[in-house]
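Report on one structure; see the data block that follows.
In this note's numbering, the protein residues as written are 1430 to 1766.
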């Protein structure tokens, strides 16, 4: 029998922090119809005419702040995760890494699997919470490519792992060394999404953003909602650490543009907590399985400086899952699910 193929797919990273490579990355990323889900003509004008030309030099500077001798932290940790998973699973499996945008591409990883004569493919989008713009985009791209093959092996997808016990325990263990009880407040800061994308996930049309606290508890209506799954992740980590509900806040970062995104915004929460006299904040970012620009710079640098300017003292990031053995075990269990 042939090997089982395991495809790990993360979002992506520029090939270098230089403006030209950042421009290529942002162009591919933001032209995805699931990321900026407006008509193609308007998306092209917005992305190619406004966002990419003006944002690329600024984003390049940010990437240069986190780029080190290992290159992109996201790619560095993703490669380690892939190697450790291959080692754990053994020779009966072929584990490949891909990025939804830029390199290594999904196409190149799937071609390696085809050449390896795998008998099946298990795709693990590396996003704990499902979103159309991340997990959904990976699923669509994989299906587009595989659909052109003359022989299509069984293909399966992991939809989300927001409540995976090993993932929850890894985040909790990473936090314990900072002694959460010594902080004034805990934040669970997730990557943001436009509200319209949440509304599209509500097939009833009568629940999302229409019911009070619609995201706070998972149910049949919101089970695929990114925000609801995020709230569930936060609840589970808080319970593991015995953090009372009133001592933590779920919020959303990385807003782009002026239209409404999922709220509350992390920047607004920082202002509120500073106004209440809070001085020390512990921040989780459980939408990411590897530290990257959004954690290493946006939280560690930008939010720390912003909070200090508001009168606070310290914002402490809880590291991501990275190369933790428990996360590799979680991936192994998903690989054979």
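Quick reminder that beta carbons are idealized off the backbone N, C-alpha and C, glycines included.
Check: For residue 1550, the three-state DSSP class (helix, strand or coil); Outcome: strand
Check: Cβ-based neighbour list, residue 1692, same chain, cut-off 6 Å, excluding 5 preceding and 5 following; Outcome: none
Check: Any chain C beta carbon closer than 8 Å to residue 1455; Outcome: Annotation note: the requested chain C is absent from the structure, which comprises a single protein chain.
Check: Limits of the unbroken alpha helix (DSSP H) element including residue 1704; Outcome: 1695–1704
Check: For residue 1524: DSSP bridge partner residues; Outcome: 1435
Check: Proximity of residue 1553 and residue 1763 at Cβ, strictly below 8 Å; Outcome: yes
Check: For residue 1511, three-class secondary structure by DSSP; Outcome: helix
Check: Residues near residue 1461 in its chain [Cβ-Cβ closer than 7 Å; skip 5 each side]; Outcome: 1566
Check: Selected residue, minimal CA-CA separation from residue 1722, among 1694, 1495, 1736, 1543; Outcome: 1495
Check: Cβ contact check for the region 1531–1540 and the region 1433–1443: 3 or more pairs under 8 Å; Outcome: yes
Check: Where residue 1678 falls: helix, strand or coil (DSSP); Outcome: strand
Check: Close beta carbons around residue 1629, own chain, < 8 Å, minus the five adjacent residues each side; Outcome: 1466, 1561
Check: Cβ contact (3+ pairs, closer than 8 Å) linking the region 1640–1652 and the region 1605–1621; Outcome: no
Check: Supposed contact pair residue 1712 and residue 1744 - C-beta distance, whole angstroms, cut 8 Å; Outcome: 6 Å
Check: Supposed contact pair residue 1586 and residue 1759 - C-beta distance, whole angstroms, cut 8 Å; Outcome: With 8 Å as the limit, residue 1759 and residue 1586 do not qualify as a contact, their Cβ atoms being about 16 Å apart.
Check: Secondary structure of residue 1655, DSSP reduced to three states; Outcome: helix
Check: For residue 1584, the residue or residues it bridges with in DSSP; Outcome: 1550
Check: Proximity of residue 1627 and residue 1637 at Cβ, strictly below 8 Å; Outcome: yes
Check: Pair within 8 Å by beta-carbon distance, residue 1670 and residue 1592; Outcome: no
Check: Whole-Å CB distance - residue 1463 paired with residue 1481, under 8 Å assumed; Outcome: Incorrect: roughly 18 Å between the Cβ atoms, too far for contact.
Check: Residue interval of the alpha helix (DSSP H) (run including residue 1452); Outcome: 1448–1459
Check: Other residues of its chain near residue 1707: CB distance less than 6 Å, five sequence neighbours each side excluded; Outcome: 1613, 1614
Check: Segment contact, 8 Å Cβ cut-off, at least three pairs: the region 1498–1516 with the region 1650–1664; Outcome: no
Check: Which residues DSSP lists as bridging residue 1744, in chain order; Outcome: 1710
Check: DSSP three-state assignment for residue 1497, whether helix, strand or coil; Outcome: strand
Check: Reference residue 1557, options 1449, 1737, 1696, 1654, closest by Cα; Outcome: 1654
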